[in-house]
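First residue of the sequence shown: 173, per my numbering; consecutive thereafter.
Ideal Cβ placement from N, Cα and C applies to all residues, glycine included.
Computed from a predicted model, the values in this text were never measured in an experiment.
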Amino acid sequence: MKKEHIHNIKSSGFKTPDHYFKSLDEQILNRLNEDDIINGIETPGFAVPENYFDTVETSILNKLEEKVETPVINFKPRKRTFYYVAGIAASLLLLVSLIFNKDDALDINAIDTASIENYLYQEDYSYDELATLFKTADMSETDFIDINFSDDYLDQYIDNLETEDFILD
Numbered sequence: 173m174k175k176e177h178i179h180n181i182k183s184s185g186f187k188t189p190d191h192y193f194k195s196l197d198e199q200i201l202n203r204l205n206e207d208d209i210i211n212g213i214e215t216p217g218f219a220v221p222e223n224y225f226d227t228v229e230t231s232i233l234n235k236l237e238e239k240v241e242t243p244v245i246n247f248k249p250r251k252r253t254f255y256y257v258a259g260i261a262a263s264l265l266l267l268v269s270l271i272f273n274k275d276d277a278l279d280i281n282a283i284d285t286a287s288i289e290n291y292l293y294q295e296d297y298s299y300d301e302l303a304t305l306f307k308t309a310d311m312s313e314t315d316f317i318d319i320n321f322s323d324d325y326l327d328q329y330i331d332n333l334e335t336e337d338f339i340l341d
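Here you go:
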């Protein structure tokens, strides 16, 4: 059946006889009340030994009393002492490594310039944020006078410039 014609269906397609649900409970109760069905069974298929229910309680209690206690080994104190000893050993090892491992202190001169440039490039700082890092008292025009750039370097720099960088908003 096509989907376009589903809204045209008037009946669900399932039919039950008239007054089916009104008389269903009566029919079920009548079937349960019939003794012919139950009396017609000759052997139920289950057999209980004689005096079973008289002796079952005592046999269960006897089985419960026969339980032999097994010794219980407690592992908890062993773990606890192991954790204490391991913690003390780790703290002593840390203390010894801090005392005897005194390398030269890390200073700014030990860091490679390329590493600093890569870090600043990846962090996406603005020019204003970078300008706050420099102190004007530390910089002067004479610091930049003695710098000489080769012509090849300047040509390469100018070739790599993009004109969109010079356009102001």
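Shown here, residue 325 sits in a helix according to DSSP, grouped into three states. Assigned with DSSP and collapsed to three states, residue 247 falls in coil, not helix or strand.
In this structure, the CA atom of residue 330 is about 59 Å from the CA atom of residue 263. Per the coordinates, the alpha-carbon of residue 200 lies some 15 Å from the alpha-carbon of residue 191. Here the C-alpha atom of residue 293 lies approximately 23 Å from the C-alpha atom of residue 311.
Linking residue 222 to residue 197 through their CA atoms gives a straight-line distance of about 40 Å. Every alpha helix (DSSP H) stretch that sits fully inside the segment 177–248 and reaches 4 residues is listed by chain position as 192–205, 207–211 and 224–237.
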